[in-house]
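> Chains as they are written, first to last, in our numbering: chain C, 1493 to 1695; chain X, 1493 to 1695.
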DNA sequence: TTTGGAGATTAACAAAAGATAAGTAATGAA
DNA sequence: TTCATTACTTATCTTTTGTTAATCTCCAAA
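(1) Against residue 1580 of chain X, what residues of chain C qualify as contacts under a CB-to-CB distance less than 8 Å, listed in chain order?
(2) Distance, Cα to Cα, residue 1493 of chain C vs residue 1687 of chain X?
(3) Tell me which residues share the same chain as residue 1520 of chain X and place their Cβ nearer than 7 Å to its Cβ, disregarding the 5 neighbours each side in the sequence.
(4) Just to confirm the assignment: which complete alpha helix (DSSP H) runs, minimum length 4, are found wholly within the region 1595–1675 of chain X?
(5) Tell me whether residue 1550 of chain C, by its Cβ, gets closer than 7 Å to a heavy atom of the ligand NAD.
(6) Based on Cα-Cα distance, which residue from X:1545, X:1567, X:1631 and X:1628 lies nearest to residue 1598 of chain X?
(7) Do you know how far the Cα of residue 1628 of chain X is from the Cα of residue 1541 of chain X?
(8) Is there a C-beta anywhere in chain X that falls below 8 Å from the one on residue 1556 of chain C?
(9) Would you please verify whether the beta carbon of residue 1493 of chain X is less than 8 Å from any beta carbon of chain C?
(10) Of all the CB atoms in chain X, is at least one closer than 8 Å to the CB of residue 1638 of chain C?
(11) DSSP on residue 1540 of chain C, reduced to helix/strand/coil?
(12) So, is residue 1512 of chain C buried or exposed, given that buried needs 16 or more other C-beta atoms within 10 angstroms?
(13) Alpha carbon to alpha carbon, how far is residue 1587 of chain X from residue 1630 of chain C?
(14) Return the chain-ordered list of same chain residues with a C-beta closer than 6 Å to the C-beta of residue 1525 of chain X, the five sequence neighbours on each side being excluded.
(15) Can the beta-carbon of residue 1675 of chain C be found closer than 8 Å to that of residue 1666 of chain C?
(16) Helix, strand or coil, according to DSSP, for residue 1505 of chain X in the structure here?
(17) Secondary structure at residue 1578 of chain X, three-state DSSP: helix, strand or coil?
(18) When you compare the CB of residue 1562 of chain X with every CB in chain C, is at least one pair closer than 8 Å?
(19) Taking Cβ-Cβ distances shorter than 9 Å, what residues in chain C pair up with residue 1668 of chain X?
(20) For my contact list, residue 1516 of chain X and residue 1615 of chain X are in at a C-beta cut-off of 8 Å; report their separation, rounded to the angstrom.
(21) Which runs of the alpha helix (DSSP H) fall wholly inside the region 1509–1539 of chain X and span at least 4 residues, in chain order?
(22) With 16 as the cutoff for other CB atoms within 10 Å, does residue 1655 of chain X come out buried or exposed?
(23) DSSP three-state call for residue 1493 of chain C: helix, strand or coil?
(24) For residue 1518 of chain X, which of X:1633, X:1581, X:1677 and X:1608 has the nearest alpha-carbon?
(25) What are the residues in the region 1596–1622 of chain C lying within 7 Å of chain X by C-beta distance?
(26) Can you list, in chain order, the residues of its chain whose CB lies under 7 Å from that of residue 1483 of chain X, leaving out five sequence neighbours each side?
(27) Answer yes or no: does any C-beta atom of chain C fall closer than 8 Å to that of residue 1695 of chain X?
(28) What does residue 1589 of chain C touch in chain X if you count any residue whose Cβ is under 8 Å from its own?
(29) List the residues that DSSP assigns as beta-bridge partners of residue 1561 of chain X.
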């Protein structure tokens, strides 16, 4: 994700908005601060809102039958996060959305945004751009499960998101990658051992 | 996927089209018949086309470093299939798209469809509906990898697509679900054994 | 009818992952 | 500084998966 490029795209959309739409938008958008472990949304809720993350980091997780938390995504600054149960399925969210750091979000009314796009055809390409990017992310993730091993997935995660690895506990990264925290710990050790061997034979 | 409902949505779009657009569309859409193991598109190609499957079944696969084929999706009648490398990334397809049965497809020019939608704002909601459905599918698949075991994924696959299981060789289903054909065979045996035990204790 | 080939199963072994529990390290609050 | 909590690691054992190769089962082409 080249977030800067995307950002320009999204916020460039404002220039096409009329005064009334801008007013509506601002009137229905609020800046909220989430403390560590606060929730943007909880399981069972059905608020049709999307959050734009100005600063901080949010994880989505659900609680399975055994009572274990399964984290499925993390999102950080300059990204959007929302419950797709609510938005795509019109059903209560099965997921919790929880801040892992002190997080500032813009809470935006989803339906209002849709209305505004409907009234401003110029914004259509922005929405398309957004959806295409969400699709790319999701397809890439499916591929990572069908084409790569857990170890390869972790290596790729570290390589592509080195900053995020240091901000998110390993136990969450583990379930995002479809494995248990214990297994990830072993994989990390395995990788470290390989690195050691590489370095020793080099000398 | 309730394909019938979707179909209505997509083809209901025609009623909003002007004569010229309809002409253009038909002039650039061709019905093709693929024999078993024929390709709709091959690795390396970059044709900006989407296929609507009238009849039959197509699988997408790529060849990994070891030379093994990894099948990642299958699509069948009343569904669309295309290379997302080409459409979303403007790069040559890494995947092959191969018919597993004698398959009839409508080959549609992607860019032309986009132009027509751009000229006919009423079609916008159709595209949105389509993209939302693709997203739902993809999200559900990511979830299946993060929340469920290989065995559970197979059981779910059989339950939700009982007809498809009988039309696609197990070795393809295996890699779609992120495992090897050997492992799937063992899972099938395991399930059969469990079923046996269930039935015997019932009596 | 025979036979070749593809798909599926089975076997045997190594490697990896899950489950559970215990131990260690790091962190922040009192 | 101490203590308690949380994250991470390690250990042990069981289960599952990967790998490779052999075997079995069909089915369609010769």
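Idealized CB from N, CA, C, for every residue including glycine.
These numbers come from a predicted model, not from an experiment.
Taking the coordinates as given:
(1) Indexing the second chain from 1 puts residue 1580 of chain X at position 88. Neighbours of residue 1580 of chain X on chain C, chain order: 1624, 1627, 1628 and 1631.
(2) In the first chain, residue 1493 of chain C corresponds to position 1, counting from 1. In the second chain, residue 1687 of chain X corresponds to position 195, counting from 1. For residue 1493 of chain C, the pLDDT reaches just 48, beneath the cut-off of 50, and the residue's location in the model is therefore unreliable, leaving the point undetermined.
(3) Counted from its first residue, the second chain places residue 1520 of chain X at position 28. Counting only Cβ-Cβ distances below 7 Å, and skipping sequence neighbours, we find 1601 and 1604.
(4) 1602–1611, 1616–1639, 1642–1652, 1654–1657 and 1662–1668
(5) The ligand NAD is not among the ligands present in this structure, which contains no ligands whatsoever.
(6) As a working mapping, residue 1598 of chain X is identified with position 106 in the second chain. Nearest in C-alpha terms to residue 1598 of chain X, of all of X:1545, X:1567, X:1631 and X:1628, is X:1545.
(7) Locating residue 1541 of chain X in the second chain gives position 49, counting from the first residue. Locating residue 1628 of chain X in the second chain gives position 136, counting from the first residue. A straight-line Cα-Cα distance of about 22 Å links residue 1541 of chain X and residue 1628 of chain X.
(8) As a position in the first chain, residue 1556 of chain C is number 64, starting the count at 1. Look at residue 1556 of chain C: its C-beta is under 8 Å from a C-beta on chain X.
(9) For the purposes of this step, residue 1493 of chain X is identified with residue 1 of the second chain, where counting begins at 1. Bear in mind that the predicted position of residue 1493 of chain X carries a pLDDT of just 48, short of 50, making it too unreliable to give a figure here.
(10) Here residue 1638 of chain C corresponds to residue number 146 of the first chain, with the count starting at 1. Taking Cβ atoms only, chain X reaches closer than 8 Å to residue 1638 of chain C, which makes this a yes.
(11) Start at 1 with the first residue of the first chain, and residue 1540 of chain C comes out as number 48. DSSP places residue 1540 of chain C in coil when its eight states are reduced to three.
(12) Residue 1512 of chain C sits at position 20 when you count from the first residue of the first chain. So residue 1512 of chain C ends up on the exposed side.
(13) Locating residue 1587 of chain X in the second chain gives position 95, where the first residue counts as 1. Locating residue 1630 of chain C in the first chain gives position 138, where the first residue counts as 1. Residue 1587 of chain X and residue 1630 of chain C: Cα-Cα distance of roughly 17 Å.
(14) In the second chain, residue 1525 of chain X corresponds to position 33, counting from 1. If we look at residue 1525 of chain X and ignore the five residues flanking it on each side, its Cβ neighbours are 1596.
(15) Start at 1 with the first residue of the first chain, and residue 1675 of chain C comes out as number 183. Start at 1 with the first residue of the first chain, and residue 1666 of chain C comes out as number 174. Yes, they are a contact pair.
(16) If you number the second chain from 1, residue 1505 of chain X lands on position 13. Residue state, collapsed to three classes: helix.
(17) Reading the second chain from its first residue, position 86 is the one you call residue 1578 of chain X. Helix.
(18) Against the second chain, residue 1562 of chain X aligns to sequence position 70. With 8 Å as the cut-off, residue 1562 of chain X counts as an interface residue toward chain C.
(19) Against the second chain, residue 1668 of chain X aligns to sequence position 176. Ordered by position in chain C, the residues that pass the 9 Å Cβ test against residue 1668 of chain X are 1638.
(20) Along the second chain, read from residue 1 onward, the residue named residue 1516 of chain X stands at position 24. Along the second chain, read from residue 1 onward, the residue named residue 1615 of chain X stands at position 123. Actually they are not in contact, since the Cβ atoms of residue 1516 of chain X and residue 1615 of chain X sit about 14 Å apart, beyond 8 Å.
(21) Whole alpha helix (DSSP H) segments, 4+ residues: 1511–1519.
(22) Residue numbering aside, residue 1655 of chain X sits at position 163 when the second chain is read from its first letter. With fewer than 16 Cβ atoms within 10 Å of its Cβ, residue 1655 of chain X is classed as exposed.
(23) Taking the first residue of the first chain as position 1, residue 1493 of chain C is located at position 1. Unreliable placement is indicated for residue 1493 of chain C, whose pLDDT of 48 sits below 50; the coordinate value is still reported in the next sentence. In the three-state reduction of the DSSP assignment, residue 1493 of chain C falls in the coil class, being assigned neither a helical nor a strand state.
(24) Locating residue 1518 of chain X in the second chain gives position 26, where the first residue counts as 1. Comparing Cα-Cα distances from residue 1518 of chain X to each of X:1633, X:1581, X:1677 and X:1608, the minimum goes to X:1608.
(25) 1613 and 1616
(26) It is not possible to answer for residue 1483 of chain X, since the shown part of chain X is limited to 1493 through 1695.
(27) Stepping through the second chain from its first residue, residue 1695 of chain X is reached at position 203. Unreliable positioning characterises residue 1695 of chain X in this predicted model, as indicated by a pLDDT of 41, which lies under 50. A coordinate reading is not provided.
(28) Here residue 1589 of chain C corresponds to residue number 97 of the first chain, with the count starting at 1. Near residue 1589 of chain C there are no residues of chain X at all, since even the closest Cβ is about 15 Å away, more than 8 Å.
(29) Here residue 1561 of chain X refers to the residue found at position 69 of the second chain. DSSP lists X:1555 as partners of residue 1561 of chain X.
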